[in-house]
Each structure stands twice: as C-alpha cells, then as structure tokens.
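Line by line, the protein sequences are chains A and B.
Take 1484 as the starting number for the first sequence in my numbering and just add one per residue.
Take 62 as the starting number for the second sequence in my numbering and just add one per residue.
Ideal Cβ positions, reconstructed from N, Cα and C, are used throughout, including at glycine.
Below is one structure; the comments refer to it alone.
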Amino acid sequence: MKHGLDLQVNRTAMIWLLVSQILVYLPFINWLPKWLMGLIVVAGFWRFRALKGHNKLPGSLIKTAAVVFGLVGLYFSDLPIISLEAATSLLILGFGLKNLELANKRDGYIVIFIAIFLIASAFLYDQQFLQTVYGLFCLTVLVAAMISLQQRQSEPVKTNLKIAAIMLSQCIPLMLVGYLLFPRLPPLWSVPSPDAQGVTGMSDTVSPGDLASLAQSDRLAFRAEFDGERPPQHKLYWRGLVLEQFDGQTWRIDDRPKDNQSWNLPFRQYSGLDILEYSYNVYIQSAQNDWLYTLTPSINSSGNARRTQGYNYESTIALVGPQKFSFTSYGLDSLSVELSEKDRQINLQLPTSGNDLSRSFVREQRLTLKDDLTFAQSILSWISQDQFFYSLKPPRLTSSDRIDEFLFQTKTGFCEHFASSFIYLMRLAGIPSRMVVGYQGGEWNDEQNYFIVRQYDAHAWVEIWVEDKGWIQMDPTAWVAPSRVELGLEEAVRGEGTFLSDQFFSPRQFGFLSNLRLQLDELQFQWQKMVVNYDPTDQMAIYRNLFGDSNTIKTAAIVAMVFAAIVALWGFMLGLFRLPNPLPLEVKAHQEITGFLGQIDPSINGSVSPSDLLKPEFKSSTWWPDLNQMVMALNNLLYLPEDQKTKGAEELKSSYVSLRRKLKAELKKR
Amino acid sequence: MSQTFSSMADKAIKSLSSVILGKERQLKLALTSIFSNGHLLIEDLPGMGKTTLSQALSKVLGLSYQRIQFTSDLLPSDIVGASIFEQKEGVFRFHPGPVFSQVVLADELNRATPKSQSALLEAMEEGQVSIDGDTHQLPNPFFVIATQNPQSQTGTFPLPESQLDRFLLRFSLGYPDAIAEKELLKGNNGRTSLNNIKPIFNPETLNKVQQQVKTIHATDSLVDYIHRLVSATRQDESFQLGLSPRGALALMRAAQAWALLEGRGHVMPEDVQAVFVPVAGHRIIGRHEVQGDQLARQLLNKVDVVA
C-alpha cells in the first residue's frame, strides 16, 4: 500500500498541475474552437471536484464518450484536416481529457511534458516578445509543478517556484549556446499559417467599405526600418497590390498575362542621377498572403522577395513566421515610359453601362479639358472643392449606380470610395488608370528609426497613365482630407470620433499609456530583429567572428566540440565521470576469488569467510597452495591484532594474483 | 591465559559429550553462553536431554543447581520464595525459592502464566529479588537455562519478544544422530554417567573466563562485518523486527566467547557465523513466512564477509 500511495499524485501537485494547465491554454484561446475550450474546462473542473472528494473520476464509458465526442466535434469544426489548428486542437483535446484519468505520477509527468510541448507550439501562432516572456513564465510554473510531483510533503508555492527558477536559469548558458551556434536547418515542411483565418488583413479584392472595416484594427501589418534618410510622411505609400478589374462595385486583380516588357524598368539608370535613395528593411511578422509592401519604385537587395507584375513584390516563401526584407527605393514621380496596347485595354476596362450621371459629367468636362493631366487635376480639385467628406463610417451605397450615388449624393466616403470613383471617371475619359492598395504612413519611432504600420493605415490610391510621362500616382483622398496623409488616420477622423471606435479599450485614450505602447512596440521590434529574425546568415557572421574565416567542416567541428564540452561539463557536474573509490586489495581479492570459486562450488559466495574457502574438495587442485596462502594473508590482514600480524599486503597480492591466474585458466578449460 | 581456559573448556566439552552424545556444537554454544555471562534458552520437544544437559553443565562448572518445573498453576512465590511467619519466633522469615541457585533450570518456561514467567525474567535481569521491601541478592554466577516447548504445542504461553531478548542464545538440541542414538540404545545412558562428571571449573575460574572473554580482540574489519549483519536485519525487506543494540552486543560477546573456545585471542568471521543464528534467531521477526533461525541463516548467506 505504501508503494501504491507513492505513485499517486498528491493533492498539492494536483493543484499545481491544474493551474499550469490553465496557464498553458491561455495563448490558444483565440485560435481554438470555443466548444473545445468548454470541453476541457469541464474535464478540468471534474478533476478538481474529484480532488475535493465531491465525485469520483469517470469510468471508462464516460471517458470513451468524451473522446468520441471530442473527435466528432473536431471533425465537424471546419478545420482543414492538415493544418496547425487541427493538430493543435487534437493535442489540446487529448491534453484536456487527460484530466479525466489523471491519478498517477506517471500521468502527471505526461501532462507536464505535453504542456511544455504546447508552450512551444504557441510560438507557431505568436513569436512576440511578450509571448516569450509568458512562455518562460509557464515553463517555470511547469518545472515547479514537476518538483511538486516529486515531493512527499507539500512545500510553499514560493519555494517551488524559486527552485524552478534557479534550475531554469542554470540552463541559460546552454540555451544561449544552442540558440547561437546550433546549425539552423531549413524546415522539412511548413504548416499553413494560422493567420489565414479570422484575422483582418489586406485582401485581393476591394469593395466600398472593405478598407474602412480593416481600418478598425490596430493589428501590426509590418515594421519598416530606415537606414538613413526617410521619406516625408506624405510620401509613404506602401504599395501592395494593383487592382485593375472593376465590375461596378468590386476591384480585382487582373490576372491575365501582362506584357512584361513594359514593367522591366532598368533601375540602374537612376543610380547615376541626382535622385533621393532610401534604403529600408521591412519586417513582417506573419501574413495570410505573400504580398510585400514597398515604396514605389523599389529594388530588392536581400530577403526572399520577388518582383511581380508592376512594381509589386511578393515573398517567395510563405510568411508563416517573421521575415526580413531589404529594399532600396528611389524618389521618382512617375514610372515606366511605355504602355502596351494590351495593358492600355486592361486599364480602360469598365462596365459597359450604368452610372449615367458620371458619364454625362465626364463628357461635359472633357469638352473643355482635352489634356489628360489637366483633366485629372481638375477632377481632383473638384473633389477637394465640392462638399466631399472623408469618413470611416460612410453611409452605405445601395443603388446599382454606386459611383453616381457616391459622387452626386452621399459625397462621404473612405479612401476606396474616392479612389474607385476617380478611376471610374478617368477611364470614362479614356485615361488608363488603376487602383493601388497598400498602406499609407505609419507611426515613427525616433529612437530606433522605424515605422510601425498597422492595419488601420490601409489605404487605396490611384495611378493614371500620362503619355510621355508614364504612370503618375494620384491620391484623391489626400485632396479631401490632407491630414490623412500628413498625420495619419487618427487625426483625419478625429472630429468624427470613429477611430478604433469598435475597440472596447484603447490605450490611445491615455497619453502615458500611448507612450508605453510605443516603448513596448520598440521592445517587440528589437526582439524580432535580434532574436526572431536570427537566421543562418547572422549565424555565419557569428561563426566568422568567433572562429575566423573557416569552411563548413571546420565550423561544424568547432560547434560539435562546443556541444561536446557542454555535455561533458554537465556530466561532470552530475558526477557521471567520477570514478568509484578503489576497493581495498583485501576486499577486491575476497570478492573476486569468491566469485571464481562460486563457479566451481555454487555454495560459495561473498558471505563465506576466508577460512571457509579452504574446502577439502579443493585440496587436490593445483591452486590449493595459493588459496591457502591468500586465506592466511587475508585473515592476517583483516582479523589479527596489529602486533600479531605476520603477513602483509605483499603476500596477499602475490598469492591473489597467482591464484586468480590459475583459477581463470581452470574456468576456461571447463 | 586464554590457552589454559580453552583447554579447560575442551576438557569440559569432552566430559559433557559423554553425557550428551553427538551434540558438540550445542555444548559449545552452552559454554559460550555461560562464558559471555548470558542466559540460555533451549527450545525442544520433551525427551531430548535438556535436563540432562543443564545438570551436567552445572556439575562441570562446579555450580549449585536447582530445577523449577514450570506449570500453568506455578506462582511467582514458587520461584523466588516467600516470607513465612515463624510461629516459634514470632517473626516473618524469608524462605528463598529455587531461583537462589547458581544454575537454574527453568523447565518448560512457556507452560507457566506470564506473571510467573516474568518473575523469573525479572530476577535474570536484575540479579536480585525484592520481596516485601527486602532485596535479596542472587548468587554469583547466576545462570538460567530455560527450556521451551515449540510454540505449536498446546497449553503454552509464548514469551514476548522483549523477554526473549534477555536470553543470549537460543538453540535446539534436536534428535541425536544415528551413531549417538544406537549408543544410547545399547545402554550407554547419559543419566548414569552423570554421576561420573567431575567439576572442571569453579565459580572463581568461571568469573575469570568471563573477564577474559571481554578482552578477545576484534579488528575493525570484524566489527564492520558484525555491523553489516546487524544493520541488514534492520534494513532487509524480509525483516519486520531487526536486532536491537542489546542483540548486537550479544552477537559481539558470543563471538568473542566462541573465539576463546576455539583457543584464539582474536575473533574471526567464522566465530561470528557460528553464533549468529543462535543469537539472532529468537530476536528477529520476519515479514513473510520465513522466520527465526531460517531467516537468520538466509541473511547470513547474503551479507558479504569482506566489504
């Protein structure tokens, strides 16, 4: 019974286990099906009641039912079969249901190990600094729980946490060496990004209201760090996608093959001219699409980016984790010099009918304004002078002629309304034009020289084609609400009070919190730059700093040696290499000879006294004299009073050595 | 000195062997017990020669001898004696009981009630008897040989462990071997030759022997061995009750006495092994079926002599 009790998880350890489970679940709350959370709360609560003695642990029938229910639930939860969510949900399902049979220490260890695995998987969703701090906190609690599991008597929470913290801090050197030096292998596979669901972000279609709803989120889009000079705020147009297809309501990417020739800008031609150059790094945490956001025009200098049609960039690898891209941008007003007939057709495409007011308006204006650029500018000034309003919450457009309804009735809209209508008017006038979506502006961090660009910086603007000049960027929104591009959305809609109004609590409401928020972001950015984005290139630099210029084999050998040294040191501290105290000769002789003789006569073992080894049956053997001598020497050394000893260690050694040799030979013969 | 004692002991054993046939080991153990100034418990069926042994022992040692037959109606006063009113003189006078003798044979000790048993055991422990406020010193040397029927026999009161601990040694005589038994049947009766036994020791020499036993040398290695045995009885999984410190001391003393009987001035592991089972057998309790002497023997075969 004593043994049985020892195997049980004691009361304190059980509380530790339950608490640490709650801590481990927390980061997943947003990502998992809600019913699953309910199920594991019930399971945990059941375990808690059992601990209190209110009820017993369920029988196998209920457990089986719970497992079946969970699996069926997962099946109908609409999760892709092979996805991070499905895998995590399955793991958490098992983890939560384990509570229903959590009784033995063995179960307790399983719970702790899975919990540690779950902490690691939480980093698949979020690698930010705070998550890391939280993960370390959870780890400390788990180690403390593990310590508690080993204790017969319950110790105070503080004591256990302290031991755990000390143990973990002892691991830090190993962690650092592992992090800095362990070879970074490319992943064998990657799982679909968890960001793909339920999180706001740019999409490849834009309808009126889309960007306005995106602007309700203050989620981070990306950070951009400038090495030297930075462009003025109103020039910060972060180009993402070009939308060219319009059906009267929604703008889409035109995926017909383009005449690539016209996009191949010889960027090199700019480098000699007196043109402003900005070099910057874009850090993306993770995103649902591969699109990158760059200033126009930019060339890629490092990172896994690829220029697609136009001046857009996309990542060549899935943005499941944080990535860094480096670009250089040139301060140019217009882009490209040629427009193929095919591209012209695409950029003039419009629904064939509808919006009659707009059509007659353009026809009327075009009579006097023949020049494309002049026409466009006059439209812009009309927009700025007529009673147009910039609003995050514009009235819904309900009629079939949405452009007419906006331009001549509601006159209140967000950037996509203005961009969309402007392009419509341009195309009616026969001027090739297109919509560019991306972000505009960003919050500048002066200490670390970077912009934080958030979802509410999402923006849509326009490019029109002017013969001999190329694509010219125009932003009708800037004409209606100059503060949008100068100061950002928050200032632009200040009077309206709609900025992030959907959020229950915003730190922006308080000055000092806003400051704190900036500092926190700075910390996150540093974390991402220094730690999360640490990649094989950085690692090679460290190798080079440490070991000088070297080839792969040399580096690998050095790294292997460092690890071997750490393992050796660790083993040494644990006492693995400590030699056992050498046995005294008497003990060794007795042990070994009784072992040998035991093979001849099974009744002989270590409990036989030296004198009793002199069995009559051995008398005829060749080694009898040696045995006799050794026994005499042993008895002398071990049991005679000091003053009566006649034989010493010498006799023992010689007789023992010769006896051993003869016995070995005899045993071999058998 | 020890040489002369051991030759005297040899003579004594030879002499005793003419009475108790083929039981040399037990005779040596009996002497060991006396030389270590300890009491002896013989556990055996009736008719094995327990009484003869104790009578012969007292004769060889030159000591006075009394026998108390323990029965279920034996009273403590039957053992230690009582103050009786002398009508002629008008005073109470103490009439010493049979316990006032140098060798006392407590025959079938476990047939008496615990109350009577403890009267004897108290006398053994204290070396004196107190009656009506007067303390009466027991003779010196004082040596009790108790015999006991196996516990399975009916009508017995088993001795509690605390009292068993007071006996230095316990052994059984057992059936005689074939030669001895045939000898017995031929008419070489122990009881008749009992009269021929001459005393070899006297109280004075016996006292000297007992002093001598304490000086028998034991090296550290040997003490280590004894300690290993003792702590094994306390730690081994198959033991419920191990040896007490008194038991450990008894083991040491008995081994010394055995060494003296062997004519040695120092203790060898064989001496310890020879006395371990009689010393430990009645003091230990096993957790499982194996008990007593068998358990002690098992342990002896497990513990390394040299380590």
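In this structure, does DSSP put residue i in helix, strand or coil?
{"i": "E1638 of chain A", "result": "coil"}
{"i": "R1751 of chain A", "result": "With a pLDDT of only 48 at R1751 of chain A, under 50, the local geometry of the prediction cannot be trusted, and the value read off the model is given with reservation. Looking at R1751 of chain A - three-state DSSP - the assignment turns out to be helix."}
{"i": "Q1744 of chain A", "result": "Per-residue confidence for Q1744 of chain A stands at a pLDDT of 49, beneath the threshold of 50, marking its modelled position as unreliable; no derived number is given."}
{"i": "S1883 of chain A", "result": "coil"}
{"i": "K2128 of chain A", "result": "coil"}
{"i": "T1811 of chain A", "result": "strand"}
{"i": "A1679 of chain A", "result": "With a pLDDT of only 42 at A1679 of chain A, under 50, the local geometry of the prediction cannot be trusted, and the value read off the model is given with reservation. Here A1679 of chain A sits in helix by DSSP."}
{"i": "E1712 of chain A", "result": "coil"}
{"i": "F204 of chain B", "result": "strand"}
{"i": "S1781 of chain A", "result": "strand"}
{"i": "F1591 of chain A", "result": "Residue identity check: residue 1591 of chain A is Gly in the sequence provided, not Phe. G1591 of chain A falls in the helix class under three-state DSSP."}
{"i": "R1722 of chain A", "result": "strand"}
{"i": "M1484 of chain A", "result": "Since pLDDT at M1484 of chain A reaches only 38, below the 50 mark, its modelled position is unreliable, and the value read off the structure follows with that caveat. M1484 of chain A falls in the coil class under three-state DSSP."}
{"i": "E147 of chain B", "result": "strand"}
{"i": "L246 of chain B", "result": "helix"}
{"i": "A1533 of chain A", "result": "helix"}
{"i": "R2061 of chain A", "result": "coil"}
{"i": "E2134 of chain A", "result": "helix"}
{"i": "Q2074 of chain A", "result": "helix"}
{"i": "G216 of chain B", "result": "coil"}
{"i": "Q130 of chain B", "result": "strand"}
Where DSSP assigns a beta bridge to residue i, which residues make up the other side?
{"i": "F300 of chain B", "result": "B:G347"}
{"i": "E104 of chain B", "result": "B:Q209"}
{"i": "G157 of chain B", "result": "The amino acid occupying residue 157 of chain B in the given sequence is Pro; Gly does not appear at that position. DSSP, once it has assigned bridges, lists B:G142 as partnering P157 of chain B."}
{"i": "S1798 of chain A", "result": "A:A1788"}
{"i": "G1661 of chain A", "result": "DSSP lists no partner for G1661 of chain A."}
{"i": "D195 of chain B", "result": "B:I192"}
{"i": "M185 of chain B", "result": "In DSSP, M185 of chain B forms no bridge with anything."}
{"i": "S1762 of chain A", "result": "A:T1811"}
{"i": "M1957 of chain A", "result": "A:V1945"}
{"i": "L1775 of chain A", "result": "A:Y1796"}
{"i": "F1559 of chain A", "result": "Partner(s): none; F1559 of chain A has no beta bridge."}
{"i": "S1916 of chain A", "result": "A:I1947"}
{"i": "Q1728 of chain A", "result": "A:R1735"}
{"i": "I1655 of chain A", "result": "Its beta-bridge partners do not exist; DSSP assigns none."}
{"i": "D1921 of chain A", "result": "Contrary to the premise, residue 1921 of chain A reads as Gly rather than Asp in this sequence. DSSP, once it has assigned bridges, lists A:R1722 and A:H1942 as partnering G1921 of chain A."}
Relative to the C-alpha of residue i, which candidate in the options has its C-alpha closest?
{"i": "V164 of chain B", "options": "B:Q359, B:E183, B:S125 and B:G158", "result": "B:S125"}
{"i": "A1605 of chain A", "options": "A:A1569, A:F1511 and A:I1595", "result": "A:F1511"}
{"i": "S1867 of chain A", "options": "A:W1962, A:E1824 and A:K1876", "result": "A:W1962"}
{"i": "S1560 of chain A", "options": "A:R1530, A:A1548 and A:L1515", "result": "A:L1515"}
{"i": "Q1699 of chain A", "options": "A:G2078, A:Q1860, A:T1799 and A:V1976", "result": "A:V1976"}
{"i": "I1783 of chain A", "options": "A:S1762, A:I1767, A:D1773 and A:I1595", "result": "One point to set straight first is that residue 1783 of chain A is Asn, not Ile, in the sequence displayed. N1783 of chain A has its Cα closest to that of A:S1762, out of A:S1762, A:I1767, A:D1773 and A:I1595."}
{"i": "M2013 of chain A", "options": "A:S2092, A:M2113, A:Q2127 and A:P1805", "result": "A:P1805"}
{"i": "E1712 of chain A", "options": "A:F1934, A:D2021 and A:S2103", "result": "A:F1934"}
{"i": "F1891 of chain A", "options": "A:G1793, A:D1839 and A:D1687", "result": "A:D1839"}
{"i": "M2023 of chain A", "options": "A:Q2007, A:F2008 and A:I2041", "result": "A:I2041"}
Notebook entry, point to check: In chain order, what residues of the segment 2109-2128 of chain A put their CB closer than 9 Å to some CB of chain B?
Noted result: Under the 9 Å Cβ criterion, the segment 2109-2128 of chain A contributes L2117, N2118, L2120, L2121, Y2122, L2123, P2124, E2125 and Q2127.
Notebook entry, point to check: Do the segment 77-85 of chain B and the segment 94-108 of chain B touch if we need at least three Cβ pairs shorter than 8 Å?
Noted result: The count of Cβ pairs closer than 8 Å, one atom from the segment 77-85 of chain B and one from the segment 94-108 of chain B, stays below three, leaving the stretches out of contact.
Notebook entry, point to check: Are there three or more Cβ pairs, one per stretch, closer than 8 Å when the segment 2102-2118 of chain A is compared with the segment 2046-2066 of chain A?
Noted result: no
Note to self: Check whether the segment 214-224 of chain B and the segment 234-248 of chain B touch, using three or more Cβ-Cβ pairs below 8 Å as the test.
What the structure shows: no
Notebook entry, point to check: What are the residues of the segment 2079-2097 of chain A that lie near chain B, defined by any Cβ-Cβ distance shorter than 8 Å?
Noted result: For the segment 2079-2097 of chain A, which is checked against every Cβ of chain B, the residues closer than 8 Å are N2088, G2089, S2090, V2091, S2092, P2093, S2094 and D2095.
Check: Which residues, in order along the segment 2050-2071 of chain A, keep a beta-carbon less than 8 Å from a beta-carbon of chain B?
Finding: From the segment 2050-2071 of chain A, only E2069 and V2070 have a Cβ closer than 8 Å to chain B.
Next item on the list: Select from the segment 281-312 of chain B all residues with a C-beta closer than 8 Å to any C-beta belonging to chain A, and list them in chain order.
Entry: S282 and L283
Check: Between the segment 104-120 of chain B and the segment 265-272 of chain B, do three or more beta carbon pairs fall short of 8 Å?
Finding: Flag = no, the segment 104-120 of chain B and the segment 265-272 of chain B do not touch.
Notebook entry, point to check: Okay, do the segment 1589-1603 of chain A and the segment 1619-1626 of chain A touch, 3+ Cβ pairs below 8 Å being the bar?
Noted result: yes
Notebook entry, point to check: Using Cβ-Cβ distances below 7 Å, what residues of the segment 329-344 of chain B are close to chain A?
Noted result: So the list reads M329, P330, E331 and Q334, given in the order they occur along the chain.
Checklist line | Contacting positions in the segment 241-275 of chain B - beta carbon closer than 7 Å to chain A | finding: none
Note to self: Is it the case that the segment 1852-1861 of chain A contacts the segment 1911-1919 of chain A, given that we only count it when at least three CB pairs across the two stretches are under 8 Å?
What the structure shows: The segment 1911-1919 of chain A vs the segment 1852-1861 of chain A: in contact.
Next item on the list: With 7 Å as the limit, tell me which residues of the segment 183-201 of chain B have their beta carbon closer than that to any beta carbon of chain A; keep them in chain order.
Entry: So nothing in the stretch comes that close.
Check: Are there three or more Cβ pairs, one per stretch, closer than 8 Å when the segment 338-349 of chain B is compared with the segment 270-280 of chain B?
Finding: no
Checklist line | Members of the segment 1528-1544 of chain A near chain B, C-beta cut-off 8 Å | finding: none
Notebook entry, point to check: Taking contact to mean at least 3 C-beta pairs separated by less than 8 Å, is the segment 2132-2152 of chain A in contact with the segment 293-311 of chain B?
Noted result: no
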